[in-house]
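Under our numbering, think of the first position of the sequence shown as 20, with each following residue one higher. Shown next, in structure tokens, is the structure this report addresses.
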Amino acid sequence: MTTYPPKITFGELRASGVRDVLVYCRDHKCGHHIAISADRWPDHIRLSDIEPDFVCTACGAEVRPKFSRARMGTG
Ligand SMILES: [Zn+2]
20 MTTYPPKITF GELRASGVRD VLVYCRDHKC GHHIAISADR WPDHIRLSDI EPDFVCTACG
80 AEVRPKFSRA RMGTG
């Protein structure tokens, strides 16, 4: 599983061939994660910029700033 540093931008993410990202819940006991298309954010936005926009829909905790490829083996 690949995790990207929060300072990476969505433009850089897309340039690496990633179209979808996984966002993980901060709570290990919850472990909820969602896959989101990266296409919704413009190229200059950093992953860290969108962290405040996410709250876990399962437990209500802030999400962990952890983004991964939603699909494996395509790159
Ligand atoms: Zn959660």
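Every residue gets a Cβ at the ideal spot worked out from N, C-alpha and C, and that includes glycine.
Distance from the C-beta of Ala-54 to the nearest heavy atom of ligand 1 is not below 7 Å. Note on Cys-44: 16 or more other CB atoms within 10 angstroms of its CB, so buried under the neighbour-count rule. Burial of Val-40 is indicated by the presence of at least 16 other C-beta atoms within 10 angstroms of its C-beta. The beta-bridge partner set that DSSP reports for Ile-55 consists of Val-40. The continuous stretches of alpha helix (DSSP H) do not include Ala-77, and DSSP gives it neither H nor E.
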